[in-house]
Structure formats: C-alpha cells, structure tokens
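**Student:** Numbering-wise (my numbering), the sequence shown opens with residue 2 and increments by one. Cβ coordinates follow ideal geometry from the N, Cα and C atoms, glycine included. Take a look at the following structure, please.
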Amino acid sequence: MFVLFEHDDGNALNVSYEMLGEARRLMDEFNGRYALDEKVIAVLLGQNVRELAYRAIDAGADAVIFADHEELRYPRVNLYTKVISAIVRDRSLVKQAAQSTSDEYVKPRYMLFGADSIGRHISSTVLAELESGLASDVNKLVIDDVTITHQYKTNGKPELYKHVLFMYRPDFSGFLWTQILCLDNKNPAIAREYSPQACSVIPGVFKPLQYDGDARKRVEEGYARIVEYKPEFNSDDLRYRIVRRQIIRDEIGLEDSKIVVAFGRGIKDDPEDNIRMIEGFAQLINAKVAISLPLSKQPFSVSSALKERYLIPARVVGSSGKKIAPKLYIAIGISGAMHHLVGMKESDTVIAINPDPDAPIKDESDIFIQGRLEYVLPILIESIKGMGSS
Ligand SMILES: Cc1cc2nc3c(=O)[nH]c(=O)nc-3n(C[C@H](O)[C@H](O)[C@H](O)COP(=O)(O)OP(=O)(O)OC[C@H]3O[C@@H](n4cnc5c(N)ncnc54)[C@H](O)[C@@H]3O)c2cc1C
C-alpha cells in the first residue's frame, strides 16, 4: 500500500499521518488474515525532505521512497505525476524498499492520497497515468473478499475477488455511504487488471498512530527502509516553472476569528431575510460569517449585495473550504455532513440551531437548540441585546 506523504515546504500535513495510521492498521490486518508480508510505503517528494522520511516511518510506514530535487519543492502536477508514477512502477526500487516484493510486481495493490487541493489533483493524474480507477473523498476503508456477478466484468457468472479495497464515500449530505470497488475484468472477452485500487482520503477522519519516535533506530537496524529515487527532468517537463510564489489570504479572516456564525440550506424558507438576520446576529456578537458548500453555489434568489458578500467560496467551511478552530462555532440550518464537520470539529464550543433532532450536527454540538432559525434567532438576539443594556 503506497501513501503519498504530503507536506507544505517541509511541514507535514496531518492527513499524511492520518493516512499512514490507517494504512498501517489495514495492512497489519491484511498480512495477518492472508498470511502475507506486504508493506506500507510512503512516497515523499520535495526539496530537503530526508528528515521527513523518519516522520513517515514513525507514523506507520515500513519504508519511504523519496525524491529530493529543487524542482519538486512545491507540488507541480506534471512533475509529481511523472515522479510518483515512475517510483511505484520501478520494481527494483520497490524491492529495495520492501524485500518481500514479488518478481511479478508491476504496480501497487493500493494507493492513498489526501483529499485536499494537492492530493485530489495529483491522485487523478497519477491514476490516469497508471491506467486504473480512483475513488475520491473517502472516509472509511475495509479490505475484504467478495463474490460479484456482473454482466460485463464477470460475463454474468459469479466470480470471487480477493483483497478488494472497499472505499466508502459519504454522499447525499453524509446520510448515505457509496461503496466504490475497483475490480478487474474477469470476463475473458475484456480481461483486464485494474491496479492500484486507489482513493483520496478526507482529511481529519482517520486517527494517526501514536509516534514512538524510534524511526532512526529502526532504519539503522534494518526494520525500516529509506530509499532514494533520483528523478531526471527534460526540457519538456520543465516547460512550466514557478518564478514567484505568493500565498494569497482572503480578507474575510475566518481562520483568525474567535467566533464564527455559519449558515446552510436551512435558510431556504426566506433566504433574504434570514441572511440579513444572521448578518445582524454576527455583528452583535462580533463574529465572522461562514457558509456550507451548497450555499456557495448560490442556490437561492437573494439580492446581489448579499450574494456577493456571503454566498462565495471563500466563506465555505469543510473539506473543500476552510478548516477553522474558533472558540465558538454557531451552525445555523446546517445538517452536519462529514464534509462540513471536518472543517469545524476542532472548534472549542459548538452551538447548532436546527429543527431536526436527528441532524448529525447534534452529535458534534455542545448545545443543540432544536427549532427553526426564524423562531430561535430573534429570541437569542433580543436576549443578547437585553444583556448589553442591563
Ligand atoms: C466531494 C465533496 C466535498 C464537499 N465539501 C464540502 C465542504 O467543504 N463543506 C460543506 O459544507 N459541504 C461540503 N460538501 C457537501 C456536503 O456533503 C453536504 O451536502 C453539505 O454540507 C450540506 O449543506 P447544508 O448542511 O447547508 O444542507 P442540508 O444538508 O440540506 O441541511 C440543511 C439543514 O437545515 C435544517 N433546516 C431546515 N429548515 C431550517 C430552519 N428553518 N431553521 C434552521 N434549520 C433548518 C435541516 O433540518 C437540515 O439539517 C461536499 C460534498 C462532496 C461530495
């Protein structure tokens, strides 16, 4: 199982540790169940990243294959795709990392990427290059055997598939899980293998391992391996260059705000008035305003002033938006889909206003106010104003 170890100019991203923790758990179970000795290998690209290789081993990797090059300092899709694909296809390199690699090895069995802006992009181009499938935004993984009968893939006959990675993806606001399988064609007329079975993993859902911090010792004693791949680039590879890099922060400042008031599709019955009321409430408690992802698609008809101010991607909280950890997060008319929760679950205190007692946001809330925002918010606003004058 290969895991892309993502970092930001040398600072490892949490999702890298989370994926390695999950990969370790999955492959320990896999090796026990199938009496095999298959490894977790982290793939690490960047400049001056050798030290990070030890962090990857502490986090669960048996081995790390790294490529250190000034052109790899920041992710660039064409270079990263080329290097990652070359690494995972290079049998002798993989054998150096994992001695148990079979002589028939062609491509990995499984691959994991982070479902963030880098991993989502690179996973798609790498899997296109490796000619296999990709499940995106997964939050549960299971390896199991399964018998499938399929008109085309198995020519209508039941066929046993072994070592299948069941990739679960939350859909329909997280109320349903879609199970995605990447299966070989066992029908002789269209026979074809699909490997690796690969996915991008939502940040924040898997638990990293507790670091034991003895990676150096394990490498010295040969229990873990660090292998270097030396990439070579031609002029075509380098036709895009980074000449200047600037991180542009938006002016909303959700990340820096102690209080955030977020609203979602629950405003639907009277979008204009409800957004205005939420705006007033946020001003009263000195909060910044955030939204759920669907609101950024501007699903409701509201005045252009409100649309331009609030229904914009820069205010989205979640796996496709900001990850914030304010002291107080107030979720108004938000159901609490997994994709939203990963953006706000580090908040100190969460208050939710929602008429649905079964809304998943309830489990994430310290205070759940069951009711329509149109009733609850005016009472809150009046009480807070009353507190100010008393
Ligand atoms: C790949 C992918 C990435 C995604 N990334 C993100 C992301 O980053 N951020 C994100 O937010 N979503 C994201 N989503 C979408 C996510 O799965 C949910 O669909 C979305 O979060 C739901 O938004 P919502 O809670 O506003 O709407 P809904 O799920 O429709 O919930 C509306 C809630 O409002 C309540 N309500 C109804 N009437 C009222 C009322 N009068 N007063 C108060 N409450 C009321 C309802 O009970 C309900 O719980 C992503 C989805 C995918 C597939």
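Considering only the alpha carbon of each residue, which of Arg240, Phe234 and Lys163 lies closest to Leu184?
**Tutor:** Counting from one through the sequence shown, the residue named residue 184 turns up at place 183. Considering only alpha carbons, the answer is Lys163.
**Student:** May I ask which residues mark the beginning and end of the alpha helix (DSSP H) holding Gly334?
**Tutor:** To locate residue 334, count along the sequence shown from 1; it is residue 333. Element bounds for Gly334: n/a, residue is neither H nor E.
**Student:** Pick from Ile352, Asp367, Lys308 and Gln211: whose alpha carbon is nearest that of Glu1?
**Tutor:** Here the chain comprises residues numbered 2 to 391, so residue 1 is not present and cannot be evaluated.
**Student:** Can you check the stretch 46 to 80 for any beta strand (DSSP E) of at least 3 residues that lies completely inside it and give the ranges in chain order?
**Tutor:** Counting whole runs of 3 or more residues, the stretch 46 to 80 contains the beta strand (DSSP E) stretches 64 to 69.
**Student:** Determine whether the beta carbon atoms of Met339 and Asn188 lie at a separation below 7 Å.
**Tutor:** Here the question's residue 339 lines up with position 338 in the sequence shown. Here the question's residue 188 lines up with position 187 in the sequence shown. No. Outside cutoff.
**Student:** Taking 6 Å as the cut-off, is the CB of Ile335 close to at least one heavy atom of ligand 1?
**Tutor:** Sequence index remark: in the sequence shown, residue 335 carries index 334 (1-based). Within the cutoff, so yes.
**Student:** So what does DSSP say about Asp145, is it helix, strand or coil?
**Tutor:** Mapped onto the sequence shown, residue 145 falls at position 144. Residue state, collapsed to three classes: strand.
**Student:** May I ask whether a heavy atom of ligand 2 can be found less than 6 Å away from the beta carbon of Ala36?
**Tutor:** No copy of ligand 2 occurs in the structure displayed; its ligands are ligand 1 alone.
**Student:** Consider the C-beta atom of Asn188 and the heavy atoms of ligand 1; say whether any pair is separated by less than 6 Å.
**Tutor:** Residue mapping note: residue 188 aligns to position 187 of the sequence shown, counting from 1. No, the Cβ of Asn188 stays beyond 6 Å of every heavy atom of ligand 1.
**Student:** Hey, would you say Ile370 sits closer than 7 Å to Val377, going by beta carbons?
**Tutor:** Indexing the sequence shown from 1 puts residue 370 at position 369. Indexing the sequence shown from 1 puts residue 377 at position 376. The answer is yes: Cβ separation under 7 Å.
**Student:** Measuring CA to CA, which of Lys363, Glu252, Gly205 and Ile286 is closest to Tyr311?
**Tutor:** Locating residue 311 in the sequence shown gives position 310, where the first residue counts as 1. Nearest of Lys363, Glu252, Gly205 and Ile286 to Tyr311, Cα basis: Glu252.
**Student:** Taking the alpha carbon of Val84 as the reference point, which residue from Leu239, Leu329 and Pro314 has its own alpha carbon closest?
**Tutor:** Here residue 84 is taken as the residue at index 83 of the sequence shown, counted from 1. With distances taken between Cα atoms, Val84 lies closest to Leu239.
**Student:** Have a look at Glu30, Thr155 and Arg25 and flag the residue whose alpha-carbon is nearest the alpha-carbon of Ala62.
**Tutor:** Looking up residue 62 in the sequence shown gives position 61. Taking only the C-alpha atoms, the option nearest Ala62 is Arg25.
**Student:** Hey, quick one: how far does the beta strand (DSSP E) through Glu160 stretch, first residue to last?
**Tutor:** On the sequence shown, position 159 is the one that residue 160 refers to. Taken as a continuous stretch (DSSP letters only), the beta strand (DSSP E) holding Glu160 covers Pro159 to Asp172.
**Student:** Give a yes or no on whether the C-beta atoms belonging to Ala216 and Ile42 are separated by under 7 Å.
**Tutor:** For the purposes of this step, residue 216 is taken as residue 215 along the sequence shown, with counting starting at 1. For the purposes of this step, residue 42 is taken as residue 41 along the sequence shown, with counting starting at 1. No, the Cβ-Cβ distance between Ala216 and Ile42 is not below 7 Å.
**Student:** Does DSSP put Gln180 in a helix, in a strand, or in coil?
**Tutor:** Position 179 of the sequence shown, counting from 1, holds the residue named residue 180. Gln180: strand per DSSP, three-state reduction.
**Student:** Run the CB neighbour count on Asp138, radius 10 Å, all protein chains shown included, and call it buried at 16 or more, exposed below.
**Tutor:** To locate residue 138, count along the sequence shown from 1; it is residue 137. Asp138 is buried by the Cβ-count criterion.
**Student:** Can you tell me whether DSSP reads Gln284 as helix, strand or coil?
**Tutor:** Against the sequence shown, residue 284 aligns to sequence position 283. Note: Gln284 maps to helix in three-state DSSP.
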